[in-house]
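The next block holds one structure in the form of structure tokens; read it before the comments.
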Amino acid sequence: MQLVLSISPSLLYPLHLVKDVSREELTFNNQSSDQTLIDGTVGGNENAFRILVDRFMDEVSRTVTGMLGAIPEVDDVVQEVFIKLHQSLHSFRGDASLKTFIVRMAINKSLDALRRMKRRRRMQPWTTIENVELAAATRSDENLDTKEDSQILRQAIDSLPEKQRSVIILRLVEDMSTEETARVLDIPYGTVLSRLKRGVERLKMELGDATVLR
Amino acid sequence: MYMTMKEYQPHDRDSDLAGVSPEFIDSLRSLIDSERDASMMSMPTERIVRAVRRSTGRSWSNGDNLSLELMSWFRPVFVAGMLLIFAMAAYNFRMSRTNEFAQSTTEMVLGLHPVTVAAAYDPTIEDH
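Residue numbers (the working numbering), protein chains in the order written: chain A, 27 to 240; chain B, 21 to 148.
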């Protein structure tokens with residue numbers, strides 16, 4: 027009994043630490059650096075991770091949508107990217123910027139999703155595929171001049187090989203430099219230039235006389 | 021909900037984009053922005069945080085912090101205990117080497133007398 031009484035006051039000490047951890051949550055905000063948020067996330071702080079997700083949501087969702095188009099899987103893939111990020115943050119050594127690290131994950135997860143979809147398409151009847159494509163195309167016409175233009179542009183993007191498509195999305199949509207694109211895709215500078223050139227040529231060929239090209 | 025890409029402004033590094041009109045780049049961004057708004061469900065951050073919480077299987081509760089603290093406190097006790105055991109084993113081993121009778125390594129480490137049939141029937145058992 028005496029032993030228990032002598033131990034119990036010391037057991038209160040961790041509760042002080044618990045209070046410190048919860049107080050720490052308040053110190054993370056939108057101005058916190060990437061490294062601070064990474065450290066917080068690795069240390070188990072949910073608030074730090076929430077701010078990281080908010081910070082990179084636009085880049086990830088645009089990259090994934092650019093690669094996949096307007097399909098319901100986009101939401102799942104974006105979620106997968108951030109779950110993967112959470113799992114691999116402890117191994118992030120800071121050789122590249124966090125944005126490069128995350129966008130690379132977004133591209134890789136999008137490519138995985140494209141391969142899954144290709145496999146699924148082989149097993150689906152033609153009518154179902156046409157319905158899905160039609161539904162996707164009709165949802166994406168709000169900010170362009172005509173529905174037809176948006177459909178033609180999406181079809182042209184979808185016709186690009188995956189490697190050219192990822193360069194086009196990073197370079198033209200995400201406004202990354204050629205060096206950044208090379209770093210994200212882990213390919214040489216010259217390869218980015220040649221894929222971009224071939225991708226743009228192919229887009230022009232696919233679009234033909236469509237008004238979006240003018 | 022999401023930020024829309026700002027209008028495309030060509031800059032010096034864009035020499036590799038010769039032949040791509042700014043209007044085309046704007047159309048491309050506009051298409052992807054509208055596609056994203058159509059495909060993403062509301063409150064993505066909260067859903068992602070919940071999914072991560074599920075995938076990690078647990079959240080950091082007060083109980084987790086308490087057990088981690090207890091483990092960190094008892095680690096030095098464990099190390100000190102192991103050192104004490106090794107010191108005693110070394111002492112036994114060293115002292116047993118001076119014995120004139122043959123002993124196995126286990127007997128030497130544990131400081132045991134050899135158990136033989138002769139020793140078991142030895143009438144002067146109080147010596148052992």
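Cβ atoms here follow ideal geometry from the backbone N, Cα and C, with glycine treated the same way.
Please check the pair A/A182 and A/L124, which I expect to be a contact at CB under 8 Å, by giving their CB distance rounded to whole angstroms.
Your numbering for residue 182 of chain A matches position 156 in the first sequence. Your numbering for residue 124 of chain A matches position 98 in the first sequence. No, A/A182 and A/L124 are not in contact; Cβ-Cβ is about 32 Å, not under 8 Å.
Can you check whether the CB of A/L140 is closer than 8 Å to the CB of A/E188?
Position 162 of the first sequence, counted from the start, is the residue given in the question as residue 188 of chain A. Position 114 of the first sequence, counted from the start, is the residue given in the question as residue 140 of chain A. Their beta carbons are under 8 Å apart, which means A/E188 touches A/L140 by this criterion.
Roughly how many angstroms lie between the CA atoms of A/A96 and A/M149, to the nearest whole one?
Taking the first sequence and counting its residues from 1, the one referred to as residue 96 of chain A is at position 70. Taking the first sequence and counting its residues from 1, the one referred to as residue 149 of chain A is at position 123. Between A/A96 and A/M149, the C-alpha separation is close to 21 Å.
With three or more C-beta pairs closer than 8 Å as the rule, is the stretch 62–79 of chain A touching the stretch 108–118 of chain A?
yes
Since A/R76 meets chain B, which of its residues come closer than 9 Å, beta carbon to beta carbon?
Taking the first sequence and counting its residues from 1, the one referred to as residue 76 of chain A is at position 50. Within 9 Å Cβ-Cβ: T65, E66, I68, V69.
CB contact below 8 Å: B/E55 versus chain A:
Residue numbering aside, residue 55 of chain B sits at position 35 when the second sequence is read from its first letter. By this cut-off, B/E55 is an interface position.
So, does the CB of B/R95 fall closer than 8 Å to a CB anywhere in chain A?
On the second sequence, residue 95 of chain B is found 75 positions in, with the first residue counted as 1. Chain A contact via Cβ: absent.
Backbone CA spacing between A/R145 and A/N71 [nearest angstrom]:
Walking along the first sequence from the start, residue 145 of chain A turns up at place 119. Walking along the first sequence from the start, residue 71 of chain A turns up at place 45. The alpha-carbon atoms of A/R145 and A/N71 are separated by roughly 38 Å.
C-alpha distance - B/W93 paired with B/L86, whole-angstrom precision
Position 73 of the second sequence, counted from the start, is the residue given in the question as residue 93 of chain B. Position 66 of the second sequence, counted from the start, is the residue given in the question as residue 86 of chain B. B/W93 and B/L86: Cα-Cα distance of roughly 11 Å.
Taking 8 Å as the threshold (beta carbon to beta carbon), is B/A100 in contact with chain A?
For the purposes of this step, residue 100 of chain B is identified with residue 80 of the second sequence, where counting begins at 1. For B/A100, the answer is no, since every Cβ of chain A falls outside 8 Å of its Cβ.
Listed from N- to C-terminal order along the chain, which residues in the stretch 200–232 of chain A have their beta-carbon within a distance smaller than 7 Å of any beta-carbon of chain B?
S203, T204, L219, L222, V226
Cβ contact (3+ pairs, closer than 8 Å) linking the stretch 101–111 of chain B and the stretch 100–110 of chain A:
no
Per-residue DSSP class, three states only, for B/Y111:
Translated into positions along the second sequence, residue 111 of chain B becomes position 91. DSSP places B/Y111 in helix when its eight states are reduced to three.
Give the DSSP-derived three-state secondary structure of A/N55 in the structure shown.
Here residue 55 of chain A corresponds to residue number 29 of the first sequence, with the count starting at 1. In the structure shown, A/N55 sits in coil (DSSP, three-state: anything other than H, G, I, E or B).
Would you say A/N169 reaches chain B, if we count a Cβ-Cβ gap shorter than 8 Å as a contact?
Reading the first sequence from its first residue, position 143 is the one you call residue 169 of chain A. Note on A/N169: pLDDT 48, under 50, position unreliable in the model; the coordinate value appears next. Chain B contact via Cβ: present.
Under three-state DSSP, which class holds B/D142?
Locating residue 142 of chain B in the second sequence gives position 122, where the first residue counts as 1. DSSP places B/D142 in coil when its eight states are reduced to three.
Whole angstroms are fine: how far does the CA of A/R119 sit from the CA of A/D80?
One-based indexing of the first sequence puts residue 80 of chain A at position 54. One-based indexing of the first sequence puts residue 119 of chain A at position 93. Approximately 22 Å between the Cα atoms of the pair.
Take A/G92 and list the residues in its own chain whose beta-carbon comes closer than 6 Å to its own, dropping the five residues that flank it on each side.
Along the first sequence, read from residue 1 onward, the residue named residue 92 of chain A stands at position 66. Once the five neighbours on either side are set aside, the close Cβ partners of A/G92 are I195, V199.
Closest by CA to A/D184, which one among A/G216, A/S220, A/V90?
Taking the first sequence and counting its residues from 1, the one referred to as residue 184 of chain A is at position 158. With distances taken between Cα atoms, A/D184 lies closest to A/V90.
For B/V137, name the three-state secondary structure that DSSP assigns.
One-based indexing of the second sequence puts residue 137 of chain B at position 117. The answer is helix: DSSP assigns B/V137 an H, G or I state.
Let me know if A/F54 comes out buried or exposed under the rule of 16 or more other beta-carbons within 10 Å of its beta-carbon.
Mapped onto the first sequence, residue 54 of chain A falls at position 28. It counts as buried.
Excluding the five sequence neighbours on either side, which residues of its own chain have a C-beta within less than 6 Å of the C-beta of A/L37, listed in chain order?
Residue mapping note: residue 37 of chain A aligns to position 11 of the first sequence, counting from 1. Legend: pLDDT at A/L37 = 44, less than 50; position of this residue unreliable, value from coordinates given subsequently. Taken in chain order, the list of residues that qualify is empty.
Simplified DSSP assignment, three categories, for A/R221
In the first sequence, the residue the question calls residue 221 of chain A occupies position 195. In the structure shown, A/R221 sits in a helix (DSSP, three-state: H, G or I).
DSSP-derived helix/strand/coil call for B/V40
For the purposes of this step, residue 40 of chain B is taken as residue 20 along the second sequence, with counting starting at 1. B/V40: coil per DSSP, three-state reduction.
Could you compute how far the alpha carbon of B/D142 sits from the alpha carbon of B/V135?
Position 122 of the second sequence, counting from 1, holds the residue named residue 142 of chain B. Position 115 of the second sequence, counting from 1, holds the residue named residue 135 of chain B. The straight-line gap from Cα to Cα measures roughly 11 Å.
Since B/G39 meets chain A, which of its residues come closer than 7 Å, beta carbon to beta carbon?
For the purposes of this step, residue 39 of chain B is identified with residue 19 of the second sequence, where counting begins at 1. Near B/G39 (Cβ distances below 7 Å), the residues of chain A are V226.
Minimum Cβ-Cβ distance from A/A132 to chain B less than 8 Å:
Working through the first sequence from its first residue, we reach residue 132 of chain A at position 106. Not closer than 8 Å to any Cβ of chain B, the Cβ of A/A132 fails to qualify, so no.
Please check the pair A/L179 and B/L48, which I expect to be a contact at CB under 8 Å, by giving their CB distance rounded to whole angstroms.
Taking the first residue of the first sequence as position 1, residue 179 of chain A is located at position 153. Taking the first residue of the second sequence as position 1, residue 48 of chain B is located at position 28. 7 Å between Cβ atoms; contact.
Along chain B, which residues have their Cβ under 7 Å away from the Cβ of A/I97?
By 1-based counting over the first sequence, the position of residue 97 of chain A is 71. Within 7 Å Cβ-Cβ: S59.
Contact set between B/S75 and chain A, taken where Cβ atoms lie within less than 7 Å:
The sequence position of residue 75 of chain B within the second sequence is 55, counting from 1. Result: I109.
Quick one, which residues of the stretch 175–193 of chain A are near chain B if we go by CB-CB under 7 Å, in chain order?
S176, L179, R180
Under the three-state reduction of DSSP, which class applies to B/T118: helix, strand or coil?
Residue mapping note: residue 118 of chain B aligns to position 98 of the second sequence, counting from 1. Three-state DSSP puts B/T118 in coil, outside helix and strand.
Compare the C-beta of B/S47 with all C-beta atoms of chain A and state if any pair is closer than 8 Å.
For the purposes of this step, residue 47 of chain B is identified with residue 27 of the second sequence, where counting begins at 1. Yes, contact with chain A.
In terms of alpha-carbon separation, which member of A/T207, A/G234, A/A132 lies closest to A/D84?
Position 58 of the first sequence, counted from the first residue, corresponds to residue 84 of chain A. Closest by alpha carbon: A/A132.
So with CB distances below 7 Å, who are the chain B contacts of A/T91?
Residue numbering aside, residue 91 of chain A sits at position 65 when the first sequence is read from its first letter. What A/T91 touches in chain B: I52, E55, R56, S59.
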